[in-house]
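If you read the sequence shown in the working numbering, its first letter stands for residue 951, the second for the next number, and so on.
One structure is given here, and the rest of the page talks about it.
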Amino acid sequence: MAVRIRLARFGRRNHPVYRIVVMDSRRPREGKYLDIIGTYDPKRHEIIKFDEEKYNKWVSLGAEVTDRAKAIYKLYKKLSAKQTA
């Protein structure tokens, strides 16, 4: 089973909200997921929630991370560093 960290679209029409989820790569975008890592709102460029411990756990277990999920993780790191400074 190829596990990936990727985005699943939720929200309403013309206002998407994405969940950062861990799921089998063969499942559809809104299919059943194994774990929720965070939530992202692209309209506001805002990460609503992100669990870094879960992200690191799944990456250490061998989950592949999609390009967009990597970009959101980098944005999260940048924003969290800015808040602590």
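Quick reminder that beta carbons are idealized off the backbone N, C-alpha and C, glycines included.
According to the neighbour-count rule (16 or more other Cβ atoms, all chains shown, within 10 Å of its Cβ), is residue i buried or exposed?
i: Phe1000; result: buried
i: Ala1031; result: exposed
Measure the alpha-carbon distance for residue i versus residue j and round it to whole angstroms.
i: Ile1022; j: Leu984; result: 19 Å
i: His965; j: Leu1011; result: 33 Å
i: Gly961; j: Glu980; result: 11 Å
i: Asp974; j: Ala1013; result: 9 Å
Can you list, in chain order, the residues of its chain with a C-beta nearer than 8 Å to that of residue i? Leave out the 5 residues immediately preceding and following it.
i: Lys993; result: His965 and Pro966
i: Val1009; result: Ile955 and Val1015
Where DSSP assigns a beta bridge to residue i, which residues make up the other side?
i: Ala958; result: Arg969
i: Val1015; result: Ile955
Leaving out the 5 sequence neighbours to the left and right, which residues in its chain are closer than 7 Å to residue i when beta-carbon positions are compared?
i: Leu1029; result: Ile997
i: Ala1019; result: Ile955, Arg956, Leu957 and Ile970
Please go through the same chain and pick out, in chain order, the residues whose beta-carbon is closer than 6 Å to the beta-carbon of residue i, but skip the five residues on each side of it.
i: Lys982; result: none
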